[in-house]
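Residue numbers (the numbering used here), protein chains in the order written: chain X, 12 to 218; chain R, 12 to 218; chain L, 12 to 218; chain U, 12 to 218; chain F, 12 to 218; chain C, 12 to 218. Heads up, the beta-carbon is just placed ideally off N, CA and C, and yes, glycines get one too. Heads up: the structure comes next, in structure tokens.
6 protein chains.
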Amino acid sequence: MAFHESGHAIVAESVEHADPVHKITIIPRGIAALGYTQQQPTEDRYLMTKSELLDRMAVLLGGRVAEEVIFGEISTGAQNDLQRATDMARSMVTEYGMSERLGLVTYERERRPMFLPDSLGPSKIYSEEKAAEIDEEISMVVEECHQRVRRILGEKREVLNTLAKLLLEKEVVQGDEMRALMGKSSPAPPALPAGPKADLPPQQPAA
Amino acid sequence: MAFHESGHAIVAESVEHADPVHKITIIPRGIAALGYTQQQPTEDRYLMTKSELLDRMAVLLGGRVAEEVIFGEISTGAQNDLQRATDMARSMVTEYGMSERLGLVTYERERRPMFLPDSLGPSKIYSEEKAAEIDEEISMVVEECHQRVRRILGEKREVLNTLAKLLLEKEVVQGDEMRALMGKSSPAPPALPAGPKADLPPQQPAA
Amino acid sequence: MAFHESGHAIVAESVEHADPVHKITIIPRGIAALGYTQQQPTEDRYLMTKSELLDRMAVLLGGRVAEEVIFGEISTGAQNDLQRATDMARSMVTEYGMSERLGLVTYERERRPMFLPDSLGPSKIYSEEKAAEIDEEISMVVEECHQRVRRILGEKREVLNTLAKLLLEKEVVQGDEMRALMGKSSPAPPALPAGPKADLPPQQPAA
Amino acid sequence: MAFHESGHAIVAESVEHADPVHKITIIPRGIAALGYTQQQPTEDRYLMTKSELLDRMAVLLGGRVAEEVIFGEISTGAQNDLQRATDMARSMVTEYGMSERLGLVTYERERRPMFLPDSLGPSKIYSEEKAAEIDEEISMVVEECHQRVRRILGEKREVLNTLAKLLLEKEVVQGDEMRALMGKSSPAPPALPAGPKADLPPQQPAA
Amino acid sequence: MAFHESGHAIVAESVEHADPVHKITIIPRGIAALGYTQQQPTEDRYLMTKSELLDRMAVLLGGRVAEEVIFGEISTGAQNDLQRATDMARSMVTEYGMSERLGLVTYERERRPMFLPDSLGPSKIYSEEKAAEIDEEISMVVEECHQRVRRILGEKREVLNTLAKLLLEKEVVQGDEMRALMGKSSPAPPALPAGPKADLPPQQPAA
Amino acid sequence: MAFHESGHAIVAESVEHADPVHKITIIPRGIAALGYTQQQPTEDRYLMTKSELLDRMAVLLGGRVAEEVIFGEISTGAQNDLQRATDMARSMVTEYGMSERLGLVTYERERRPMFLPDSLGPSKIYSEEKAAEIDEEISMVVEECHQRVRRILGEKREVLNTLAKLLLEKEVVQGDEMRALMGKSSPAPPALPAGPKADLPPQQPAA
């Protein structure tokens with residue numbers, strides 16, 4: 012678990028759009044205390060750009076890829092992360108018009124019956140052919156993200172080893188300690204983001 | 012968001028059949044105050060021609076395309092617009108007989124059980140083959156609209172920049188100010204529409 | 012709407028098996044006052060022959076085709092007509108054994124659960140392959156009807172123009188006025204129909 | 012309707028396994044008074060052989076084919092007959108193992124939930140490929156029956172004309188009158204059937 | 012029916028793993044009094060080997076094949092037998108891992124919602140391709156069994172004729188009489204079965 | 012049953028990641044007393060590695076393969092084992108990202124409606140094409156496991172014979188007796204596992 016958590020944290024510090032890591036811990040339930048705000052619901056109230064979504068997916072895959080890189084052996088622990096990354100990829104392709112191949116057409120419906128679970132038939136009104144195209148796009152988005160995270164953690168294998176060892180010893184590692192290991196300075200207090208997000212309210216860093 | 016809203020407004024002033032823009036604002040919930048009446052339900056009580064439907068779709072895509080044109084980066088903010096544009100394209104193809112390829116046959120049913128949500132199986136009674144044809148038509152209608160809006164906003168890139176800047180400064184821009192930027196005079200009070208709509212009640216401009 | 016209604020009426024007077032037109036009106040709800048009894052439920056209590064069904068479909072498509080012929084622009088107003096024509100074509104193919112290609116086999120079930128809406132899965136017990144054949148037949152039946160109505164209204168373009176103009180002026184046109192425009196005498200009082208319907212009760216002309 | 016009923020009756024007298032015709036009538040609801048016991052439920056309490064099933068199907072198609080043979084025009088009146096013939100063909104293929112191509116495997120389930128309508132998904136547990144094979148077999152069985160009935164009524168076209176005329180005049184024709192027209196003697200009182208049915212209780216002729 | 016029942020009984024005495032026939036009767040409801048225990052539920056409480064399952068299927072098909080062999084005419088009477096044989100073949104292929112082609116993977120789920128009938132969608136979570144493979148295997152298993160029973164009854168055609176005649180005369184034939192006809196001695200009282208079933212409780216012969 | 016249970020036990024002692032066998036018994040319900048903790052729910056609270064999952068699958072298939080190896084005859088007794096092994100293979104492929112071919116994308120959803128059984132449509136939102144790929148992967152994973160267990164029990168055929176004989180005689184065999192037969196020493200008390208599981212709580216051996 013130490014490597015798994017270290018993987019999440021290192022990726023979070025390596026991509027552009029993730030919130031800074033506050034604390035890493037392997038004390039049970041500690042996973043929720045990661046700097047990266049895993050509690051944030053997938054249906055964001057705020058706008059997110061395609062780059063931000065891709066960075067979040069990378070952080071989610073970080074835990075699993077750390078296991079691959081270090082042990083060549085993988086565990087069931089990443090199930091929830093993989094599911095959330097898949098859901099994000101699906102939304103990019105079917106709701107946000109972020110796949111060039113599928114275009115601006117949406118393939119999911121917003122309106123849901125209030126009192127009926129969505130497992131009651133996913134209300135699929137497109138053809139099998141389109142469904143297969145959607146599957147291919149989702150697989151491609153996730154696989155590209157997978158390769159990107161392998162590159163990130165492959166280059167930072169030393170840090171990953173050191174951080175995991177530290178975590179096994181101390182059970183809790185502060186974000187600043189970790190950034191020191193990576194040769195990064197601590198983050199400045201959050202500034203107003205630039206560019207397309209110029210008129211968005213700033214995102215709250217995790218507690 | 013300033014660019015997104017400016018995109019909607021500029022397209023609305025550039026196509027033939029959209030209502031004139033009354034006011035643009037980026038004050039939260041401001042989107043509903045756009046001249047273009049986004050509140051109008053998709054099931055119109057009045058007749059609409061194919062050209063009117065295509066113009067409405069163009070206004071809907073205007074926000075997303077503005078992001079593409081200016082930032083080369085896209086956000087999740089257009090989700091609802093894309094969904095509504097997709098729904099319009101689907102209705103044109105499956106309910107209004109407006110696709111030459113599919114012909115006058117309808118593929119959706121009007122009658123819906125009152126007390127059961129439509130996610131309970133979309134009551135699809137046509138084949139997979141037809142479903143794939145329908146998907147292709149919808150994709151084509153939306154993609155043609157996408158290209159049309161790219162042309163409109165590509166030609167008006169300067170106005171888009173100026174308008175968005177103005178909107179960031181002042182938060183609200185009146186329709187007349189905007190038309191001045193575009194070198195257009197203000198609209199005459201609504202006259203009785205000519206041609207095929209000759210015997211339709213006039214559409215109410217948004218408040 | 013004047014052209015749309017005129018289209019329905021002219022086709023009704025041009026085919027063999029439609030009831031004579033009593034009155035045409037563009038006063039709202041006027042559509043129900045057409046000589047052709049649009050209120051008659053699709054599940055007729057009386058037998059209808061294949062020719063009668065095809066004539067009814069032609070009257071239904073008359074409104075939409077009038078728009079095509081006169082304006083080259085089409086509206087959403089024909090949605091309900093298209094849906095009913097599609098339903099008739101579907102019944103001919105799947106319930107009445109009127110398609111040579113599909114033969115005498117039926118593909119719809121009469122018995123429906125009383126308390127469950129038919130959207131709960133259309134109880135389709137045939138294969139995708141058969142569903143695609145059915146779709147093709149329905150499309151063909153509707154398209155042939157479309158072409159037939161285009162020929163009828165193309166030949167009567169003058170009458171269509173005159174009748175619509177008259178309707179815009181006077182809002183109501185009597186069946187006899189209309190038949191005069193078409194150079195037809197008024198219909199004799201309904202006689203017992205000949206041929207295959209010899210032992211059917213006579214159909215009631217609309218009020 | 013006179014021709015339709017005459018068609019049923021003539022086929023019933025022409026095949027080996029149908030009950031003798033008691034009376035034909037075109038007085039409304041008269042159809043239930045035909046010698047052929049149309050009231051008998053499809054789920055027979057007694058065994059039926061394949062030949063008996065095929066003869067029943069022929070009687071069902073008799074009405075529709077009479078219209079084809081005499082008028083070359085067909086009506087919606089055969090809908091219920093076609094449906095029942097289709098149901099019989101389906102049972103032969105999917106429940107009784109009477110199709111050589113499909114073999115002895117059954118494709119329908121006997122056990123049905125008591126309180127849920129069978130339209131709730133036909134509980135199909137076989138593949139699309141098998142469903143297409145089943146459709147082909149059913150179409151073939153019905154089409155062969157169609158051709159057989161055309162031959163029967165084609166050869167008896169004179170009787171069909173005479174009988175229908177008589178029926179239009181008198182509204183009721185007794186079975187014996189009809190058999191006289193066909194040059195047949197009246198049936199002997201029912202004897203114990205021979206052959207495979209040797210140990211079956213005799214079928215009750217319709218009242 | 013005499014031939015049908017004789018077919019069941021002769022096959023039961025000809026295969027290795029069926030219980031000895033106690034009594035055959037054609038008195039109504041007599042079918043339940045056959046030596047072969049048809050009441051035994053398909054979901055056995057005890058283990059059954061593949062050979063035992065195949066022998067049971069053979070007994071089930073015995074009635075139908077007797078009709079084929081003797082009359083060349085088949086009846087609806089075997090419907091229930093065919094259904095049960097199909098169910099057994101399906102279980103062998105999808106639940107017991109007894110098809111080499113499908114392997115040890117199972118394709119049916121044990122856990123069923125308590126209060127919902129299984130017709131509510133068979134909860135099929137495999138692909139169409141796999142469904143087609145399963146159908147082929149089931150057809151093959153049943154067809155091989157069909158051929159096997161044809162061979163058995165073809166060789167014992169004389170006994171089948173004699174036994175059915177006896178049954179028509181006397182309505183009841185004891186198992187020992189029947190075995191005498193077949194040139195077999197009566198069965199010894201049940202001994203502990205040998206081999207793989209060594210530790211199973213002995214099966215109860217039917218009363 | 013003696014061979015079936017011996018198969019489970021020998022495989023459990025032959026793979027790396029299974030808990031040591033405590034006791035084997037063929038007294039009814041004895042199966043639950045095997046050292047291998049069959050009661051442990053499939054949704055583990057603890058992480059499991061891919062190797063551990065594969066070893067568990069091997070133990071599950073051990074009973075069935077013992078029948079194959081010794082008798083060349085198979086029984087229905089393995090139904091539950093096969094089902095559980097299939098479920099594990101399915102989870103590996105669709106939830107844990109453990110198939111290289113399918114990648115890190117997940118194809119099952121965690122969230123289930125509380126009050127609706129999962130048979131209500133498996134909420135499949137992927138295409139038929141992907142479903143076929145998933146089926147192939149599951150078949151491959153199970154078949155590889157099958158071959159592995161055949162190798163294990165083929166090499167230990169002597170032990171399997173001896174152990175089953177012992178079990179038939181004594182009805183209960185202790186884990187230590189069995190390990191002595193296999194020439195293995197008894198297991199040391201459980202130590203902290205090494206490697207990827209370093210920070211997991213130790214698994215409880217079955218009582």
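Open item on the list: For F/Glu-169, would you say it is in contact with chain C, using Cβ-to-Cβ distances shorter than 9 Å as the test?
Closed with: Put simply, the CB of F/Glu-169 is far from chain C, with every gap to its CB atoms at 9 Å or more.
Open item on the list: Alpha carbons only, please: which of R/Pro-31, R/Val-104, R/Arg-159 and R/Arg-75 is nearest the one belonging to X/Glu-108?
Closed with: Glu is not the amino acid found at residue 108 of chain X; the sequence shown has Gly there. For the residues R/Pro-31, R/Val-104, R/Arg-159 and R/Arg-75, the minimum Cα distance to X/Gly-108 belongs to R/Arg-75.
Task: Range of the contiguous alpha helix (DSSP H) that encloses F/Ile-149 - done: For F/Ile-149, the enclosing alpha helix (DSSP H) has its first and last residue at 139 to 166.
- [ ] On the DSSP bridge assignment, give the partners of F/Ser-86 in chain order.
- [x] Answer is U/Thr-60.
Open item on the list: DSSP three-state label for C/Thr-117, please.
Closed with: Coil at C/Thr-117, not helix or strand.
- [ ] Would you tell me roughly how many angstroms separate the C-alpha atoms of C/Gln-50 and X/Lys-34, rounded to the nearest one?
- [x] Confidence in C/Gln-50 is poor, its pLDDT being 34 and thus under 50, which makes the residue's placement too unreliable to answer from.
Task: For R/Thr-36, the residue or residues it bridges with in DSSP - done: R/Val-183
TODO: Leaving out five residues on either side along the sequence, give the residues of the same chain with a beta carbon under 8 Å from the beta carbon of U/Leu-179.
DONE: Ala-13 and Ile-37
TODO: Alpha carbon to alpha carbon, how far is C/Glu-119 from C/Glu-144? Give it in angstroms, no decimals.
DONE: Approximately 14 Å, taken between the alpha carbons.
Task: Validate contact between the region 15 to 30 of chain R and the region 155 to 170 of chain R using beta carbons, cut 8 Å, 3 pairs - done: yes
Open item on the list: Can you tell me whether R/His-19 is helix, strand or coil according to DSSP?
Closed with: helix
- [ ] Would you list, in chain order, the members of the region 58 to 70 of chain F that have their beta-carbon closer than 7 Å to a beta-carbon of chain C?
- [x] Leu-58, Met-59, Thr-60, Lys-61 and Ser-62
- [ ] Tell me whether C/Ala-96 sits in a helix, a strand or coil according to DSSP, three-state version.
- [x] helix
Open item on the list: If contacts are defined as beta-carbon pairs under 8 Å, then L/Val-116 and U/Ile-81 qualify, I think. What distance do you get, rounded to the angstrom?
Closed with: Not quite, the Cβ-Cβ distance comes to about 23 Å (not below 8 Å), so this is no contact.
TODO: Under 6 Å Cβ to Cβ from F/Met-68, same chain only, skipping five residues before and after it: list those, please.
DONE: Exclusion of the five residues before and after F/Met-68 leaves Ala-96, Met-99 and Cys-156 as the residues of its chain whose Cβ lies within less than 6 Å of its Cβ.
Task: When R/Tyr-137, R/Lys-195, R/Val-160 and R/Asn-172 are compared against R/Thr-11, the one with the closest alpha-carbon - done: Residue 11 of chain R falls outside the range modelled here, since chain R spans only 12 to 218, and no answer is possible.
Task: C/Val-184 vs C/Leu-174 beta-carbon contact at 9 Å - done: Result yes, Cβ atoms of C/Val-184 and C/Leu-174 sit closer than 9 Å.
Task: Same chain, Cβ closer than 8 Å to L/Leu-171, neighbours up to 5 away in sequence not counted - done: Phe-14, Ser-17, Gly-18, Ile-21, Ala-77, Val-80, Ile-81 and Leu-164
TODO: Could you check the C-alpha separation between R/Glu-154 and R/Asp-92 for me, to the nearest Å?
DONE: The C-alpha of R/Asp-92 is placed about 14 Å away from the C-alpha of R/Glu-154.
Open item on the list: Could you compute how far the alpha carbon of F/Ser-102 sits from the alpha carbon of C/Gln-90?
Closed with: 10 Å
Open item on the list: Please identify the residue among F/Ser-25, F/Leu-113, F/Glu-84 and F/Ser-110 whose C-alpha is closest to the C-alpha of U/Ser-110.
Closed with: F/Glu-84
- [ ] Taking X/Glu-154 as the query, report the chain C residues whose CB atoms sit under 9 Å from its CB, ordered along the chain.
- [x] Gly-114, Leu-115 and Val-116
TODO: Could you say which of L/Val-160, L/Gln-94 and L/Glu-147 lies nearest to L/Gly-73 if we only look at CA atoms?
DONE: L/Gly-73 has its Cα closest to that of L/Val-160, out of L/Val-160, L/Gln-94 and L/Glu-147.
Task: Where the region 136 to 155 of chain R meets chain L: residues whose CB sits under 8 Å from a CB there - done: Ile-136, Tyr-137, Ser-138, Glu-139, Glu-140 and Lys-141
Open item on the list: Can you give me the C-alpha to C-alpha distance between L/Ala-29 and U/Ser-86, rounded to a whole angstrom?
Closed with: 16 Å
- [ ] Work out the CA separation of L/Ser-62 and L/Glu-169 for me, nearest whole Å.
- [x] 27 Å
- [ ] Reducing DSSP to helix, strand and coil, say where U/Met-109 ends up.
- [x] coil
TODO: Would you identify the three-state DSSP class for X/Glu-188, choosing helix, strand or coil?
DONE: helix
Open item on the list: Taking its Cβ as the centre, do 16 or more other Cβ atoms sit within 10 Å of F/Gly-194, making it buried, or is it exposed?
Closed with: exposed
Open item on the list: Does C/Gln-158 pass the burial test, meaning 16 or more other C-beta atoms within 10 Å, or should it be called exposed?
Closed with: exposed
- [ ] Note down, in chain order, every chain F residue with its Cβ under 8 Å from the Cβ of C/Gly-88.
- [x] Leu-58
- [ ] Report the rounded CA-to-CA distance for R/Val-152 versus U/Gly-88, giving the unit in angstroms.
- [x] Looking at the two C-alpha atoms, the distance is approximately 43 Å.
TODO: Compute the Euclidean distance between the alpha carbons of L/Lys-141 and U/Asp-146, then round it to the nearest angstrom.
DONE: For the pair L/Lys-141 and U/Asp-146, the Cα-to-Cα distance works out to about 7 Å.
Open item on the list: Looking at the ligand ADP, does it come within less than 8 Å of C/Met-151, judged from the CB to the closest heavy atom?
Closed with: Summarising the ligand content, the structure contains no ligands, and the ligand ADP is consequently not present.
- [ ] At 8 Å on the CB atoms, spell out the chain F contacts of U/Met-99, in chain order.
- [x] Ordered by position in chain F, no residue passes the 8 Å Cβ test against U/Met-99, which lies about 10 Å from the chain.
Task: Interface residues of chain U facing L/Glu-106 [CB-CB closer than 9 Å] - done: Thr-87, Gln-90, Leu-93 and Gln-94
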